[in-house]
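In this note's numbering, the protein residues as written are 2 to 81. Cβ atoms here follow ideal geometry from the backbone N, Cα and C, with glycine treated the same way. In this text, all values refer to a predicted model and were calculated from it rather than measured experimentally. Each remark here refers to the structure printed beneath this line.
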């Protein structure tokens, strides 16, 4: 099934849904890292705690900003 068909089928089943582009997320992360090469960048877990988004962000070298230490590993399927 191609992307367009998958989106149309999902739209038929749900009133609303989120659609993320892993490539888009990684491109934006790389732009930030290039613009601020000496800065260790953090991602706000409260912004979007989707497990797949967090794994993408963490695999791209970003750290996390969260209200508690337990929040980050649990949301990303990791343990401390």
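Taking a C-beta distance under 7 Å as the contact criterion, residue 64 and residue 30 do not qualify as a contact pair.
Per DSSP, reduced to three states, the secondary structure at residue 43 is strand. Closest in alpha carbon position to residue 51, among 21, 43, 68 and 35, is 21.
Of the other Cβ atoms in all chains shown, fewer than 16 fall within 10 Å of the Cβ of residue 40; this residue is therefore exposed. Residue 43 holds the alpha-carbon nearest to the alpha-carbon of residue 57 among 70, 18 and 43.
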